[in-house]
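Chemist: Here this note's numbering is used: the first residue of the sequence shown is 52, the next is one more, and so on.
Please read through the structure below; I'll follow up with questions.
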Amino acid sequence: MNPAPDRPEPAPDPLSAPGPHPPDYGRLTAIGPYFALDTSPEAAPPAGFRPLPELFDTGPDAPLAARLRVVAQRLGTTELRVAASILHLGLAARFWSVGLGSAVLLGVVPTLERAWVRIPDQGPIDLWAPPEPVPPTTGLHPGAGAGIAPRPASLVEQLHEAVLLRQLDPLAAAVRAAAPLSPRLLLGNAASALAGTLRVLDAHAPHTARALVAELLGRPPLAGAGALRVGPRGTAFRRSSCCLYYRIGPNAGLCGDCCFTEPPTRAKRNG
Numbered sequence: 052m053n054p055a056p057d058r059p060e061p062a063p064d065p066l067s068a069p070g071p072h073p074p075d076y077g078r079l080t081a082i083g084p085y086f087a088l089d090t091s092p093e094a095a096p097p098a099g100f101r102p103l104p105e106l107f108d109t110g111p112d113a114p115l116a117a118r119l120r121v122v123a124q125r126l127g128t129t130e131l132r133v134a135a136s137i138l139h140l141g142l143a144a145r146f147w148s149v150g151l152g153s154a155v156l157l158g159v160v161p162t163l164e165r166a167w168v169r170i171p172d173q174g175p176i177d178l179w180a181p182p183e184p185v186p187p188t189t190g191l192h193p194g195a196g197a198g199i200a201p202r203p204a205s206l207v208e209q210l211h212e213a214v215l216l217r218q219l220d221p222l223a224a225a226v227r228a229a230a231p232l233s234p235r236l237l238l239g240n241a242a243s244a245l246a247g248t249l250r251v252l253d254a255h256a257p258h259t260a261r262a263l264v265a266e267l268l269g270r271p272p273l274a275g276a277g278a279l280r281v282g283p284r285g286t287a288f289r290r291s292s293c294c295l296y297y298r299i300g301p302n303a304g305l306c307g308d309c310c311f312t313e314p315p316t317r318a319k320r321n322g
C-alpha cells in the first residue's frame, strides 16, 4: 500500500500571526536626555504632563511665555528676543534629537501626534507618547533586528513632516508671537540644532545620519540656512545667521557654528 500523501500545512491565521514589534524607543535614552521619548503603556500620561500642542500656545500665560521669562532670568539678559532665540534653539534640538535619533537607530520617525509634554525646572522638556501603530512598510534599521529597512528618502519625508512641519513650524510661530525674531534666524536655529544632533549621532551611525541631515539641509525650508562639511574627522556646520547668543554679555563669545568670526560691535550691528 502506498503511503498516504503528506497533508499540506494549514495556512497561518493572519489574525493570530505575530506582527511587527513597536520600536524600542528606550534605546534613545542611552544617548542622552535630549533623545529620550517615554512610550510606557500607561493609559494616561504621568502627572504634570499636558498635551504637546499647548506648548505652542501664545499669550502671557502660555507655557512657552512662562518658560521664556525663566530663560531670560537665568541668562541674565533683559533682551527678550535673545532669550527667545536660545529657548527656540534648545527646543528645536529636542525635537530633532527624537526624530533623527529614531530614524537613525530604529528606522522609524515618531509623529508625536498624541504626545504630552512636561517642562521641568531645568534641562530639556520631557516627552511622553502612547505607542504608535507600526506602519506595515516600516522595519528596524539594519543591524537592529529583523524587518524591512525603509529607504533613506522615505525617512527624509517622514522627518520633514513630523519634525519641521508638525513641531518646528508651530514652535517658530509661538516664539515669534512672544519676541520679535526673524524667520531667517529661526530657520538658522533649526538647521544648527539639526547639525548639533548629527554630531551626537555621528558616533553611532555616521553614514545614515549624515545622509539624512545632508538631504534635509539641502531642501526647503532649511536650504541656505548653513553649510555642512563632512571630513575624516567628522562633520562641521557654519550657519548663515546668528542666534544672538553673543548679546548675553561682553564675555559670552560666539557659538561654534556662528556666521561671525568675532562678536559684532555696536557699529556693525547698526550698520
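All C-beta atoms, glycine included, are put in the ideal place defined by N, C-alpha and C.
(1) Quick check: the segment 203 to 214 against the segment 109 to 125, are at least 3 beta-carbon pairs closer than 8 Å?
(2) Are the Cβ atoms of A135 and P161 separated by less than 8 Å?
(3) When we look at the beta-carbon of F288 and count the other beta-carbons within 10 Å, is it buried (16 or more) or exposed?
(4) Can the beta-carbon of L236 be found less than 8 Å from the beta-carbon of S292?
(5) The alpha helix (DSSP H) spanning V281 covers which residue range?
(6) Strictly by DSSP, which residues pair up with T286?
(7) Note down the Cα distance separating R101 from A166, rounded to an integer number of angstroms.
(8) Would DSSP call A89 helix, strand or coil?
(9) Look at the alpha carbon of L88 and the alpha carbon of S153, and state the distance between them as a whole number of angstroms.
(10) Could you check whether A241 and A143 sit closer than 8 Å to each other, using their CB atoms as the reference points?
(11) Would you identify the three-state DSSP class for L237, choosing helix, strand or coil?
(12) Considering only the alpha carbon of each residue, which of G275, A246 and L295 lies closest to L263?
(13) Are the Cβ atoms of S243 and R290 separated by less than 8 Å?
(14) Give every residue of the same chain whose Cβ lies closer than 6 Å to the Cβ of E60, excluding the five residues on either side of it in the sequence, and list them in chain order.
(15) Please go through the same chain and pick out, in chain order, the residues whose beta-carbon is closer than 6 Å to the beta-carbon of T80, but skip the five residues on each side of it.
Modeler: On the basis of the supplied data:
(1) Counting C-beta pairs closer than 8 Å gives fewer than three between the segment 109 to 125 and the segment 203 to 214, which falls short of the contact rule.
(2) Position 84 of the sequence shown holds residue 135. Position 110 of the sequence shown holds residue 161. A distance of 8 Å or more separates the beta carbons of A135 and P161.
(3) Position 237 of the sequence shown, counted from the start, is the residue given in the question as residue 288. The residue is buried, with at least 16 neighbouring Cβ atoms inside 10 Å.
(4) Counting from 1 along the sequence shown, the entry for residue 236 is found at position 185. Counting from 1 along the sequence shown, the entry for residue 292 is found at position 241. Yes.
(5) Against the sequence shown, residue 281 aligns to sequence position 230. Per DSSP, V281 belongs to no alpha helix (DSSP H); it is in the beta strand (DSSP E), G277 to G282.
(6) For this step, residue 286 is matched to residue 235 along the sequence shown. T286 has V281 as its beta-bridge partners, per DSSP.
(7) Mapped onto the sequence shown, residue 101 falls at position 50. Mapped onto the sequence shown, residue 166 falls at position 115. Between R101 and A166, the C-alpha separation is close to 9 Å.
(8) Here residue 89 is taken as the residue at index 38 of the sequence shown, counted from 1. As written in the sequence, residue 89 is Asp, which differs from the Ala given in the question. Annotated three-state conformation of D89 is strand, per DSSP.
(9) Residue mapping note: residue 88 aligns to position 37 of the sequence shown, counting from 1. Residue mapping note: residue 153 aligns to position 102 of the sequence shown, counting from 1. Their Cα atoms are separated by approximately 10 Å.
(10) Looking up residue 143 in the sequence shown gives position 92. Looking up residue 241 in the sequence shown gives position 190. Yes.
(11) Taking the first residue of the sequence shown as 1, we reach residue 237 at position 186. If DSSP states are grouped into helix, strand and coil, L237 belongs with the helices.
(12) Mapped onto the sequence shown, residue 263 falls at position 212. Among G275, A246 and L295, the Cα nearest to that of L263 belongs to A246.
(13) To locate residue 243, count along the sequence shown from 1; it is residue 192. To locate residue 290, count along the sequence shown from 1; it is residue 239. Contact check for S243 against R290 passes: the beta carbons are separated by less than 8 Å.
(14) Mapped onto the sequence shown, residue 60 falls at position 9. With a pLDDT of only 45 at E60, under the threshold of 50, the placement of this residue in the model should not be trusted, and no figure is reported.
(15) Stepping through the sequence shown from its first residue, residue 80 is reached at position 29. When the five nearest sequence neighbours on each side are left out, the beta carbons in the same chain lying within less than 6 Å of the beta carbon of T80 are those of A87, in order along the chain.
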